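Chains as they are written, first to last, in the numbering used here: chain A, 1 to 160; chain W, 1001 to 1160.
Take a look at the structure set out below.
Number of protein chains: 2
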Amino acid sequence: MAARCKDPKGLALKEKQKRVFQFFNEVGIIQQLVGNMFNRRLPEGLHVSHFSVLNHMIRLGDGRTPLALADAFQVTKGTMTHTVSTLEKRGFVEVRPNAADGRSKLVFLTDAGRTFHASAIESLTPMLDILGREIDVDKLIEVLPVLKEVRQFLDDRRDM
Amino acid sequence: MAARCKDPKGLALKEKQKRVFQFFNEVGIIQQLVGNMFNRRLPEGLHVSHFSVLNHMIRLGDGRTPLALADAFQVTKGTMTHTVSTLEKRGFVEVRPNAADGRSKLVFLTDAGRTFHASAIESLTPMLDILGREIDVDKLIEVLPVLKEVRQFLDDRRDM
DNA sequence: ACTATATAGTTTGACATCAAACCAAAGGAG
DNA sequence: CTCCTTTGGTTTGATGTCAAACTATATAGT
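Spelled out as structure tokens, the structure:
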């Protein structure tokens, strides 16, 4: 009982927890604000999750499996099934069987998908411009490695 | 065409945008991972949003209006209506009319709510302990002001 | 070769959240 | 006092996401 209060490590731990909590709290709210902004600005009622998948494939190449995409965004397989099928319905991606593995599929960008991605970027640009102008981006860059580290840690310990 | 490439400011802006994008990407994934972890660990099928509201009231005092809560967490009024009514159904909060304003209500913690909050903290502690032990929390603390700044900016410019 | 386990994807049911439309009380302008 | 606008809250309809159960293919152990 008293030991808990006297143990300096215990106290430090408690304080650490508080900071960790604050950190995640800020992260959560930023995510909420940015997600909503993006969603409001994206054309044709598309959701940021759809855009993210297209963006990922544009940047890193298409022809990936749905599972690889799910992993990249840390969503469940079921969620990615849903996302991909929506993109497919809109004609932004094409899903083909994977010749190398009968269980899996491969997702490819279509021309329509690339066009849409460009127009989405277009409609996000004003917002990103303002952000890039009014926020000290150097600070963000400094912060990035820490975020990556945290992400990596959480990723490794996902069963925690 | 060539101008775009030669203009140093234009290029810097593009690079900045990329970083901003990366930043939000990391934030989004961290949020997803942490949210899922919390949700899995919270008792009685409660969601992190419910816990957050209780936690907020424990830390900063209860007797707030639903709208104030919605603002604090950057969710819509409708969402907060839903969250509060769930908490009410569970008996964790009590909603009373606001004598000072016939339109609004006030949300108070119940004993059950406080008890639940304690047990929720309990079930989150192991996870936070590991985090606090294995992540360099000093780095998180350094990062916090930047996150707050970004949050503040987004908050101010919510109509962007 | 045969069975068991692991993996890719889908489906299901529940739920949080959003935007927008809506209702009711408050405050102001005339 | 009366209308108009603002503000707190609810409702509605759609959608994204999760966890868990399920199907089908692939891989491994014996």
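Glycine is no exception: its CB is placed at the ideal position from the N, C-alpha and C atoms.
Here the structure is a predicted model, which means the values were calculated and not measured.
- Three or more pairs of CB atoms, one per stretch, sit closer than 8 Å, so the stretch 1103–1113 of chain W contacts the stretch 1055–1071 of chain W.
- For residue 124 (chain A) and residue 149 (chain A), the gap between their C-alpha atoms comes out near 27 Å.
- At a cut-off of 8 Å between beta carbons, residue 53 (chain A) makes no contact with chain W.
- Identification of chain A residues near residue 1093 (chain W) by a Cβ-Cβ cut-off of 9 Å yields none; the smallest Cβ-Cβ distance measures about 20 Å.
- Here the stretch 1041–1060 of chain W does not lie against the stretch 31–51 of chain A, with fewer than 3 beta-carbon pairs under 8 Å apart.
- The beta carbon of residue 88 (chain A) does not come within 8 Å of any beta carbon belonging to chain W, so the residue lies off that interface.
- Nearest CB-CB separation between residue 77 (chain A) and chain W: not below the 8 Å threshold.
- Chain A has no Cβ within less than 8 Å of the Cβ of residue 1058 (chain W).
- Think of a sphere of 9 Å around the beta carbon of residue 63 (chain A): no beta carbon from chain W falls inside it, the nearest being about 21 Å out.
- In the DSSP assignment, residue 94 (chain A) falls within the unbroken beta strand (DSSP E) covering 93–97.
- Counting every other CB atom within 10 Å of its CB across the protein chains shown gives residue 77 (chain A) a total below 16, marking it as exposed.
- Taking CB atoms only, residue 1139 (chain W) has a neighbour in chain A less than 8 Å away.
- Residue 74 (chain A) sits away from residue 1069 (chain W), with the two beta carbons spaced by 8 Å or more.
- Here residue 1020 (chain W) really is in contact with residue 132 (chain A); their C-beta atoms are around 6 Å apart, less than 8 Å.
- Less than 8 Å separates the beta-carbon of residue 66 (chain A) from that of residue 80 (chain A).
- Around the beta-carbon of residue 115 (chain A), fewer than 16 other beta-carbon atoms lie within 10 Å, marking it exposed.
- Between the alpha carbons of residue 1084 (chain W) and residue 145 (chain A) lies a distance of about 37 Å.
- Annotation for residue 67 (chain A): no beta strand (DSSP E) segment contains it, though the alpha helix (DSSP H) segment containing it runs 66–73.
- For residue 1042 (chain W), there is no enclosing beta strand (DSSP E), as DSSP gives it neither H nor E.
- Residues of chain W with a Cβ closer than 7 Å to the Cβ of residue 134 (chain A) are, in chain order, 1153.
- For the 8 Å CB-CB criterion, residue 1151 (chain W) and residue 134 (chain A) do not form a contact.
- Collapsing the DSSP output to three states places residue 1109 (chain W) in a strand.
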